[in-house]
Structures are given as structure tokens and as C-alpha cells.
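Undergrad:
In our numbering, the protein residues as written are 67 to 126.
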């Protein structure tokens, strides 16, 4: 591994609704209150896949 993940966090009011990939509540549901680094590392590729799919649908 050895790479750092980066996650941008914005207030929901500043984000165009279709651009929301993951809400805080959903992240807590899927990761738990205090996830360890292994749990997060396994989860981030799924989030990245969702972002990649959203971008490809828009043709960016």
C-alpha cells in the first residue's frame, strides 16, 4: 500500500445534490463509529468506484 488517501469534505449546502457520493450518516453506517485503518482502506476503493462511475456518466 503505502499511499495516502484523500477525502474532501464539504457542507451539504455547498454541494450540488447529484454530486453527493457519500453522506456522513452512510459512512458511519458502513464504517462504524471508530473504524481502523484496514476498514477505511477497504472502504475507499468502493467510494472511488462510485466517483469514477459518476464522472464517466457525465462524460468528463
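Using N, Cα and C, we set each Cβ at its ideal position, and we do this for glycine too. Everything numeric in this text was worked out from a predicted model, so none of it was measured.
(1) If you follow the alpha helix (DSSP H) that residue 93 is part of, which residue opens it and which one closes it?
(2) Could you work out which residue in 75, 86, 100 is closest to residue 118 when comparing CA atoms only?
(3) Could you check if residue 67 is buried or exposed, using at least 16 other CB atoms within 10 Å of its CB as the buried criterion?
(4) Please classify residue 74: does DSSP put it in a helix, a strand, or coil?
TA: According to the structure shown:
(1) What you label residue 93 is simply residue 27 of the chain shown in a count that begins at 1. 90-97 is the span of the alpha helix (DSSP H), which, as asked, contains residue 93.
(2) For the purposes of this step, residue 118 is taken as the residue at position 52 of the chain shown. Residue 118 has its Cα closest to that of 86, out of 75, 86, 100.
(3) In the chain shown, residue 67 corresponds to position 1, counting from 1. Unreliable placement is indicated for residue 67, whose pLDDT of 49 sits below 50; no coordinate value is reported for it.
(4) Residue mapping note: residue 74 aligns to position 8 of the chain shown, counting from 1. Residue state, collapsed to three classes: coil.
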